[in-house]
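At position 86 of the sequence shown (counting the first as 1) the number is 85 in the numbering used here, and the numbers step up by one without a gap.
Just so you know, even glycine gets a beta-carbon here, dropped at the ideal spot from N, CA and C.
Given the structure is predicted, the values throughout are model-derived calculations rather than measurements.
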Amino acid sequence: MTLKGSFRLPTVSADRAAVKEGRQTMARWWQWHGSDYPELSALACRVLSQPVSAAACERNWAAWEAIHTAKRNRPSAEKCRDLVFVSHNWNQWL
């Protein structure tokens with residue numbers, strides 16, 4: 000990969016290495032070095048600043064747990080998928 004513009008500077012390369020090693024975050028890197036590319040920097044900072052949430056995964060696991068119960072412990076994967084689909088869509092209407 001050929002780097003162009005300020006991305007070729009030694010300080011930028013050293014900070015890129017710090018990000019790879021986990022000593023610096025990508026959001027901080029863009030705050031420090033993104034002034035040459037303001038539109039790209041603004042987009043990167045906005046994307047990298049999004050909070051992480053496991054809420055969707057938790058809802059999915061809860062739906063699967065409701066389907067796969069002690070009484071109904073051996074449904075096929077296809078049957079489970081269909082039941083979770085119906086359950087999810089049913090809850091959307093309520």
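Nearest neighbour of residue 25, chosen from 67, 45 and 85 [CA to CA]: With distances taken between Cα atoms, residue 25 lies closest to 45.
Residue 13 versus residue 36: straight-line alpha-carbon distance, rounded: One C-alpha to the other measures close to 19 Å.
Residue interval of the alpha helix (DSSP H) (run including residue 70): Where residue 70 is concerned, there is no enclosing alpha helix (DSSP H), because DSSP gives it neither an H nor an E.
Proximity of residue 66 and residue 79 at Cβ, strictly below 7 Å: Their beta carbons are under 7 Å apart, which means residue 66 touches residue 79 by this criterion.
Where residue 91 falls: helix, strand or coil (DSSP): Taken through DSSP and simplified to helix, strand or coil, residue 91 comes out as helix.
For residue 33, three-class secondary structure by DSSP: Helix at residue 33.
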